[in-house]
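Presented below is the structure to which this report refers.
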Amino acid sequence: MAALDAANEARLAAEAAAAAAANANAGISAANSYGISEALLAAHPELAAVYAMFKANNIPKALELLYASAYYKNSSAIVKTREKQKLEQPAVYADSLEKYKIAARQRLVSTGIKIEMQHLNYWQQMLMLKVWMITNLTRPLWYLERLLVLAETFLVIQQP
């Protein structure tokens with residue numbers, strides 16, 4: 065009888081462990097369905113609490129934290145998709161960026177604007193720098209503008 069009780073306890077413990085693992089996997093699946101991945105956590109540390117809530121399968125609290133995050137409030141769907149692709153599939157991101165630049169140059173040339181690819185690359189770098197500064201620096205605006213002027217000066221010097 066004691067052996068039967070021990071076997072039942074072992075079976076119940078195994079079922080509880082399997083249920084806990086399934087619960088955690090369900091939370092991780094829910095996080096993935098909202099676009100939150102391990103790579104994104106490295107880029108946006110404020111999402112760690114959101115991911116922890118998803119992992120604990122506390123979906124309502126996770127969504128509340130996600131919708132209150134700066135990442136969710138300040139990023140459009142396109143930005144989120146591109147950033148996720150850049151972090152998780154860098155080769156695909158680089159390929160799509162190159163195709164976009166070629167298409168953008170073709171559109172400009174077809175309207176009569178002559179632009180070399182090196183100049184297009186320069187303006188892309190400037191835009192990426194501006195976006196990075198706005199999203200990552202928490203200094204006053206005049207400070208950001210001064211950094212931008214310095215960066216533009218540096219990039220013009222570096223331009224071929």
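The sequence shown begins at 65 in the numbering used here and counts up one residue at a time.
Note that CB positions come from ideal geometry on N, CA and C, so glycine has one too.
Proximity below 9 Å, CB of residue i to CB of residue j
| i | j | result |
| --- | --- | --- |
| Gly91 | Ala112 | no |
| Met181 | Lys165 | yes |
Pick from the options that is closest to residue i, judged by C-alpha positions
| i | options | result |
| --- | --- | --- |
| Tyr135 | Gln182, Val213, Met192 and Ile100 | Ile100 |
| Leu161 | Phe118, Lys137 and Met192 | Met192 |
| Tyr110 | Asn96, Ser133, Leu127 and His183 | Note on identity: in this sequence residue 110 is Glu, with Tyr being the wrong assignment. It is Ser133. |
| Asn185 | Ala158, Thr175 and Ser174 | Ala158 |
| Leu129 | Gln188, Ala95 and Val195 | Ala95 |
Length of the line joining the Cα atoms of residue i and residue j
| i | j | result |
| --- | --- | --- |
| Glu102 | Lys178 | 42 Å |
| Val114 | Ala126 | 5 Å |
| Ala141 | Glu73 | 49 Å |
| Ser93 | Asn138 | 24 Å |
| Pro224 | Leu172 | Only weak support is given to the placement of Pro224: the predicted model assigns it a pLDDT of 49, under 50, and the value that follows is read from those uncertain coordinates. Cα-Cα distance, rounded: 21 Å. |
| Tyr131 | Ala167 | 34 Å |
| Ser174 | Val213 | 31 Å |
| Ala155 | Glu147 | 13 Å |
| Ile123 | Arg169 | 44 Å |
| Gln188 | Gly176 | 20 Å |
| Ala116 | Thr145 | 22 Å |
| Val195 | Phe118 | 29 Å |
Within the chosen definition, does the segment 103-110 reach the segment 150-157 through at least 3 CB pairs nearer than 8 Å?
For the pair of segments examined, the segment 103-110 was found to touch the segment 150-157: the number of CB pairs separated by less than 8 Å reaches three.
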